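Student:
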C-alpha cells in the first residue's frame, strides 16, 4: 500500500509557504533583507527530470508541493547582486560540457525522505561560483550536498514507510537513476513558488 502524503499525515506545525519566514541561516549577507532572492538549480534531461518529479509528486504533501524535483546549488542569491550573478553563471556554463547525474541512495531527512545524487561535475561548478559569491552567501549556501527532496513535512512514521517504498522503487530497472546535466536554471523565489528567470545551457 502506498504511503503517498495527504493532509492527515502532515507533521504538526507543517510548513505554510504563504506564512514562511526565512531562518537566519537561510538569508544572504546583504543589507536589504526584503530584496528578491534567487535559486540556482541543475538543469537535467527531460526523462530523468520527469522520473524524479513523478516520485516527488507521489510522496510530497500535495497542497505544499509547489515545485518539480530539483537539485539546488544555491537557495538564497540576493537580487541586489543579480547582474554579477548572471554574468558569473554565463561564464561558468559557457565552458562546461554535459555530465552525468545518478540518483543513488534514499535517506531519512527529518520529517521526509531524500535521494542522494552522485554528480561530481556539480561540485566543480558550485566551487567556482562560491569563490565569486562567498562574501554574501547565506550560511546554508556555504555548503553543497546534492540530493532530491522527495517528501517533507510529514510524520516520521509516514516518512519511514515511504523510505522503504522509495528504496524498493529505486531498485526497479524502469527507474531512471541516471541522466545528464546540460545546464543551470535561475529562479526567483516567490512565497514558496519558484518563478523561472533564465536557463544557462552548457557550451553556449
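In full-length UniProt numbering, the protein residues as written are 1 to 204. Glycine is no exception: its CB is placed at the ideal position from the N, C-alpha and C atoms. All of these numbers come straight from a predicted model, not from anything done at the bench.
Decide if residue 174 is buried, meaning its Cβ has at least 16 other Cβ atoms within 10 Å, or exposed.
Tutor: Taking the chain shown and counting its residues from 1, the one referred to as residue 174 is at position 174. Exposed.
Student: By how many angstroms is the C-alpha of residue 64 removed from the C-alpha of residue 54?
Tutor: Against the chain shown, residue 54 aligns to sequence position 54. Against the chain shown, residue 64 aligns to sequence position 64. Straight-line Cα distance between these residues: approximately 15 Å.
Student: For residue 100, name the three-state secondary structure that DSSP assigns.
Tutor: Against the chain shown, residue 100 aligns to sequence position 100. Strand.
Student: Please identify the residue among 165, 144 and 185 whose C-alpha is closest to the C-alpha of residue 112.
Tutor: As a first step, residue 112 is located in the chain shown; it is residue number 112 there, counting from the start. Checking every option, the nearest Cα to that of residue 112 belongs to 165.
Student: In whole angstroms, what separates the C-alpha of residue 74 from that of residue 167?
Tutor: Walking along the chain shown from the start, residue 74 turns up at place 74. Walking along the chain shown from the start, residue 167 turns up at place 167. The straight-line gap from Cα to Cα measures roughly 27 Å.
Student: DSSP puts residue 185 in a beta bridge; with which residues?
Tutor: Locating residue 185 in the chain shown gives position 185, where the first residue counts as 1. Paired residues: 41 and 199.
Student: Taking the straight line between their C-alpha atoms, what separation do you get for residue 179 and residue 44?
Tutor: On the chain shown, residue 179 is found 179 positions in, with the first residue counted as 1. On the chain shown, residue 44 is found 44 positions in, with the first residue counted as 1. Those two C-alpha atoms are separated by around 7 Å.
Student: May I have the straight-line CA-CA distance separating residue 201 from residue 77, to the nearest angstrom?
Tutor: The residue you call residue 201 lines up with position 201 of the chain shown. The residue you call residue 77 lines up with position 77 of the chain shown. Their Cα atoms are separated by approximately 19 Å.
Student: Helix, strand or coil: which one does DSSP assign to residue 31?
Tutor: Sequence index remark: in the chain shown, residue 31 carries index 31 (1-based). Legend: pLDDT at residue 31 = 49, less than 50; position of this residue unreliable, value from coordinates given subsequently. The answer is coil: DSSP assigns residue 31 none of H, G, I, E or B.
Student: If we count the other Cβ atoms within 10 Å of its Cβ and call it buried at 16 or more, is residue 31 buried or exposed?
Tutor: Residue 31 sits at position 31 when you count from the first residue of the chain shown. Because the pLDDT at residue 31 is just 49, under 50, the model does not fix this residue reliably, and the point stays unresolved.
Student: Check the C-beta distance from residue 189 over to residue 38 and give it rounded, since I have them as a contact under 8 Å.
Tutor: Locating residue 189 in the chain shown gives position 189, where the first residue counts as 1. Locating residue 38 in the chain shown gives position 38, where the first residue counts as 1. Sure, about 7 Å apart at Cβ, within 8 Å.
Student: In whole angstroms, give me the CA-to-CA distance for residue 114 and residue 149.
Tutor: For the purposes of this step, residue 114 is taken as the residue at position 114 of the chain shown. For the purposes of this step, residue 149 is taken as the residue at position 149 of the chain shown. Their Cα atoms are separated by approximately 4 Å.
Student: Please say whether residue 68 and residue 92 have beta carbons closer to each other than 7 Å?
Tutor: Locating residue 92 in the chain shown gives position 92, where the first residue counts as 1. Locating residue 68 in the chain shown gives position 68, where the first residue counts as 1. Taking 7 Å as the Cβ cut-off, residue 92 and residue 68 do not qualify as a contacting pair.
Student: Answer with buried or exposed for residue 141, where buried requires no fewer than 16 other C-beta atoms within 10 angstroms of its C-beta.
Tutor: Position 141 of the chain shown, counted from the first residue, corresponds to residue 141. Looking at its Cβ environment, which holds 16 or more other Cβ atoms inside 10 Å, residue 141 is buried.
Student: List the whole-angstrom C-beta distance separating residue 204 from residue 72, where the pair is believed to meet the contact cut-off of C-beta under 8 Å.
Tutor: Residue numbering aside, residue 204 sits at position 204 when the chain shown is read from its first letter. Residue numbering aside, residue 72 sits at position 72 when the chain shown is read from its first letter. The pair is not a contact, with the Cβ atoms about 22 Å apart (cut-off 8 Å).
Student: Write down the C-beta distance between residue 126 and residue 144 rounded to the nearest angstrom, noting that I regard them as a contact closer than 8 Å.
Tutor: Along the chain shown, one-based indexing puts residue 126 at 126. Along the chain shown, one-based indexing puts residue 144 at 144. That pair is a contact at about 4 Å.
Student: According to DSSP, what are the bridge partners of residue 190?
Tutor: If you number the chain shown from 1, residue 190 lands on position 190. Its beta-bridge partners are 193.
Student: DSSP state of residue 167, grouped into three classes?
Tutor: Locating residue 167 in the chain shown gives position 167, counting from the first residue. Looking at residue 167 - three-state DSSP - the assignment turns out to be helix.
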